[in-house]
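Per the numbering used here, residue 5 is the first one in the sequence shown, and the count goes up by one each step.
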Amino acid sequence: MKRPSCLISALITAVVLLFVAQGCAHKPDVKLFMYPDDKGSEGYSRKADQGVFENKSIRVTVRKIGDSDDEGLSQEVIAHLLKKDYLIFRMEIENTSRHRAIYNPSFTTFTDDAMDYGTPIDYTDLYDMAEGVWEKEAKDGEKKPFSMNGLKGLFYDLATTIPPGGKTSKLLIFKPISKDCTKAALTLSELYIGTETIRVIFPFVFKPKEG
Numbered sequence: 005m006k007r008p009s010c011l012i013s014a015l016i017t018a019v020v021l022l023f024v025a026q027g028c029a030h031k032p033d034v035k036l037f038m039y040p041d042d043k044g045s046e047g048y049s050r051k052a053d054q055g056v057f058e059n060k061s062i063r064v065t066v067r068k069i070g071d072s073d074d075e076g077l078s079q080e081v082i083a084h085l086l087k088k089d090y091l092i093f094r095m096e097i098e099n100t101s102r103h104r105a106i107y108n109p110s111f112t113t114f115t116d117d118a119m120d121y122g123t124p125i126d127y128t129d130l131y132d133m134a135e136g137v138w139e140k141e142a143k144d145g146e147k148k149p150f151s152m153n154g155l156k157g158l159f160y161d162l163a164t165t166i167p168p169g170g171k172t173s174k175l176l177i178f179k180p181i182s183k184d185c186t187k188a189a190l191t192l193s194e195l196y197i198g199t200e201t202i203r204v205i206f207p208f209v210f211k212p213k214e215g
């Protein structure tokens with residue numbers, strides 16, 4: 005008389021163990037890549053691998069660069085940063101107004117849905133890291149710091165003035181972010197055009213490699 009209940013109990017136990025085993029099974033990791041979002045606030049659009057903001061006064065384009073890029077990446081410090089998963093963007097600002105524009109990187113932030121918050125690394129930060137951390141073996145066996153030659157002027161460090169009709173193109177560098185974020189945003193909080201200030205947001209999404 006006890007056999008049916010024992011059989012039912014055994015079946016229930018087997019089903020529970022099956023679900024536990026499935027829950028514990030290793031799920032293959034899918035590497036996610038960061039791309040400009042297709043949609044954003046007014047004035048924003050995506051063109052291939054670039055985020056673009058444009059109005060009657062200014063045009064700003066942002067593109068995340070990687071190991072395959074060669075713009076300024078011959079600098080060993082920049083190459084090292086990419087290997088360490090630092091975020092590096094190429095940002096171009098074109099002033100199409102009749103007034104001078106001023107971009108100050110101290111009012112720029114990078115945030116994501118994993119609660120990361122970062123501001124651009126400046127020249128002093130890079131110099132300190134190069135002197136204190138980034139050392140490599142020389143041929144004679146002694147260590148030497150990475151060369152900082154050529155880095156000045158390669159990335160946005162201090163406030164940059166763009167005259168009417170002028171253009172500037174430099175790098176923005178941020179420390180590594182979390183691996184589990186799905187959305188992010190690069191925000192230029194105070195971009196001056198004459199006496200007017202505007203706020204520009206470049207949204208990003210993380211997804212499997214396109215194409």
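Note that the Cβ used here is the ideal one computed from N, Cα and C, for glycine as well.
Could you please give the first and the last residue of the uninterrupted beta strand (DSSP E) stretch that includes residue i?
i: residue 211; result: 200 to 211
i: residue 55; result: 54 to 58
i: residue 66; result: 62 to 68
i: residue 40; result: 37 to 40
i: residue 96; result: 91 to 99
i: residue 173; result: 171 to 178
Taking the alpha helix (DSSP H) that residue i falls in, what are its first and last residues?
i: residue 85; result: 80 to 87
Where does residue i fall in DSSP's three states?
i: residue 49; result: strand
i: residue 109; result: helix
i: residue 191; result: strand
i: residue 160; result: coil
i: residue 186; result: coil
i: residue 123; result: coil
i: residue 117; result: coil
So, are the CB atoms of residue i and residue j less than 7 Å apart?
i: residue 115; j: residue 107; result: no
i: residue 206; j: residue 195; result: no
i: residue 126; j: residue 161; result: yes
i: residue 84; j: residue 198; result: no
i: residue 105; j: residue 202; result: no
i: residue 56; j: residue 93; result: no
i: residue 171; j: residue 98; result: yes
i: residue 192; j: residue 204; result: yes
i: residue 212; j: residue 64; result: no
Rounded to a whole number of angstroms, what is the C-alpha to C-alpha distance between residue i and residue j?
i: residue 142; j: residue 86; result: Because residue 142 sits at a pLDDT of 49, beneath the cut-off of 50, its placement in the model cannot be relied upon, and the following sentence gives the value as read from the coordinates. If you take the alpha carbons of residue 142 and residue 86, they lie about 21 Å apart.
i: residue 62; j: residue 119; result: 30 Å
i: residue 175; j: residue 155; result: 10 Å
i: residue 181; j: residue 90; result: 8 Å
i: residue 81; j: residue 88; result: 11 Å
i: residue 48; j: residue 129; result: 31 Å
i: residue 69; j: residue 39; result: 11 Å
i: residue 185; j: residue 178; result: 15 Å
i: residue 110; j: residue 95; result: 15 Å
i: residue 169; j: residue 214; result: 35 Å
i: residue 32; j: residue 158; result: Low confidence applies to residue 32: its pLDDT is 47, below 50, so where it sits in the model is not reliable, and the reading given next is rough at best. Residue 32 and residue 158: Cα-Cα distance of roughly 39 Å.
i: residue 117; j: residue 183; result: 11 Å
i: residue 37; j: residue 113; result: 20 Å
i: residue 42; j: residue 50; result: 6 Å
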